[in-house]
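So that you can map any letter, position 179 of the sequence shown is 277 in my numbering, and since no number is skipped, the others follow by simple counting.
For every residue, glycine included, the Cβ atom is placed at its ideal position computed from N, Cα and C.
In this text, all values refer to a predicted model and were calculated from it rather than measured experimentally.
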Amino acid sequence: MITFYDPQHTRHAPIFEFYRGARVPCFENPSRGQFVFDELHARGHSLRVPSVDSTAAIHQIHSARYIDFLRTAWLQWLALDSNNAHVQPFPSAWPVRNLRSDIEPQNFIAKLGLYSMDNGTPLDAGTWAVTKAAADAAVEAAHCIANGERGVFCATRPPGHHAGADFMGGYCFLNHAAIGAQELRNLGFAKVAIFDVDFHHGNGTQEIFYQRDDVFYGSLHGNPSTEYPFYLGHADEVGVGNGLSCNFNLPLPAQTNAVDWFAAYQIVANRIAQLKPSALVVSLGLDTFIDDPIAKFKLTSDDYFELGRRIGDIGLPTVFILEGGYAAQALGVNAVNVIEGFEASYR
Ligand code: SP5
Ligand code: ZN
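Dropping the structure here:
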């Protein structure tokens, strides 16, 4: 399978996040990419560096002012104080509810809050370049599908599914799955389905397509009443306007095991098959793994081969976009198991 990988992903290297008042090492870090690279290499998969420019598709998904902020954020941070080169900024104020988000403040930290949903998404010197390369991979993957490929894997980081049209969050900056789905639409795929199997609800992807009937969003995830992203992902969110019934959330309780997870998986997969989309984008989060340090489902490494096989059984040309998965050492095996399960379904 064509697999995209950006060797420069290490330029986005979050150091800390916050947990119960303490600074802890960030779970989304470059070791994740390295373990995926090593496993792909060990199992004979060849990798391609993305070379298509995704700028136009990024602008179809994200607001101009958010893109401008993200592109220049590190330079703005350095402009405050050259010692900031060794510090990663976090927001500390947010325009909730009746506070104004129409006026972009001049203060950098205030801008960072305007464009963030949490304080768990550190910015680094290479953040823009790395998330942009992941968007390039998603767009190039769509081109490969248009050229007749059955499956393409974007082994990229950071993840993207929490990023909305104009905000970052949940370790995400640009929404690569949304950008890839949009490019498939641009290339003439009439209806695209996004299947999000990350442990967390993809609030950004849902929001981006909530009013649209040309891109369906279906997600299986930890119940947002107890799990991040907390404020979206409930079962009663079914789309609005043209998008009514084009959004499908299946929240599951903490401790869900593989038997129950696959039963729920099949409900979403059947719904997607009924829609008869012409292409599929999988938000491939692997934080459903039993040993994941921040999530609470109980899938094992063998289950990921079965997941790949079942995704293949849907029978659609498929772009896989790597999302979460924080048991870094197991992430490579788990991701490549999905890819090889998918390949086994049609070989
Ligand atoms: C893409 C993705 O999977 N994003 C997840 C973002 C989760 N951010 C909140 C992390 C909360 C970490 N809790 C630490 C529990 C340690 N036992
Ligand atoms: Zn996740």
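Proximity test, residue i beta-carbon vs the ligand SP5 heavy atom, cut-off 7 Å
i: Y402; result: no
i: H319; result: no
i: G278; result: no
i: C124; result: no
i: C270; result: yes
i: H332; result: no
i: G339; result: no
i: Y363; result: no
i: H259; result: yes
i: P391; result: yes
i: Y326; result: yes
i: Y329; result: no
i: Y315; result: no
i: Y213; result: no
i: Y308; result: no
i: Y117; result: yes
Where residue i falls: helix, strand or coil (DSSP)
i: G267; result: strand
i: G302; result: helix
i: N196; result: coil
i: R118; result: coil
i: D104; result: coil
i: V150; result: coil
i: H319; result: strand
i: G339; result: helix
i: I437; result: helix
i: G278; result: helix
i: V237; result: helix
i: K374; result: coil
i: K289; result: coil
i: T225; result: helix
i: S190; result: coil
i: D166; result: helix
i: K230; result: helix
i: N345; result: strand
i: S144; result: coil
i: Y383; result: Checking the sequence, you will find Gly at residue 383 rather than Tyr. Coil at G383, not helix or strand.
i: G249; result: strand
i: N273; result: coil
i: F297; result: coil
i: N284; result: helix
i: N217; result: coil
CB-CB length for residue i against residue j, believed under 8 Å
i: D104; j: G430; result: With 8 Å as the limit, D104 and G430 do not qualify as a contact, their Cβ atoms being about 16 Å apart.
i: V417; j: V366; result: That belief does not hold up - the Cβ atoms of V417 and V366 are roughly 17 Å apart, past 8 Å.
i: N355; j: K396; result: 5 Å
i: T219; j: G267; result: 5 Å
i: A233; j: I277; result: 5 Å
i: C252; j: H274; result: 7 Å
i: H332; j: G300; result: Going by Cβ atoms, the distance from H332 to G300 rounds to 13 Å, so no, they are not a contact pair.
i: Y315; j: D334; result: About 15 Å separates the two Cβ atoms, so there is no contact after all.
Inter-residue Cα distance where the pair is residue i and residue j
i: R198; j: I207; result: 15 Å
i: H139; j: P257; result: 21 Å
i: S376; j: G413; result: 10 Å
i: A171; j: N345; result: 33 Å
i: Y213; j: F265; result: 4 Å
i: H143; j: E238; result: 18 Å
i: L420; j: A428; result: 14 Å
i: A406; j: Y444; result: Contrary to the premise, residue 406 reads as Gly rather than Ala in this sequence. So the alpha carbons of these two residues sit roughly 11 Å apart.
i: A393; j: T324; result: 11 Å
i: Y269; j: G383; result: 13 Å
i: D296; j: D311; result: 23 Å
i: Q132; j: V122; result: 21 Å
i: V336; j: D216; result: 25 Å
i: T153; j: R255; result: 18 Å
i: G439; j: A111; result: 30 Å
i: L221; j: N196; result: 27 Å
i: R283; j: A371; result: 18 Å
i: N181; j: W175; result: 10 Å
i: A361; j: L350; result: 11 Å
Contact test: residue i Cβ vs the ligand NAP heavy atom, cutoff 7 Å
i: G218; result: As far as ligands go, the structure on display features the ligand SP5 and the ligand ZN and does not contain the ligand NAP.
Below-8 Å beta-carbon distance, residue i vs any chain E residue
i: G262; result: Checking the listed chains, one finds no chain E in this structure; it contains a single protein chain.
Residues near the ligand ZN, CB to any non-hydrogen atom under 5 Å, in chain order? D296, F297, H298, G383, D385 and G422
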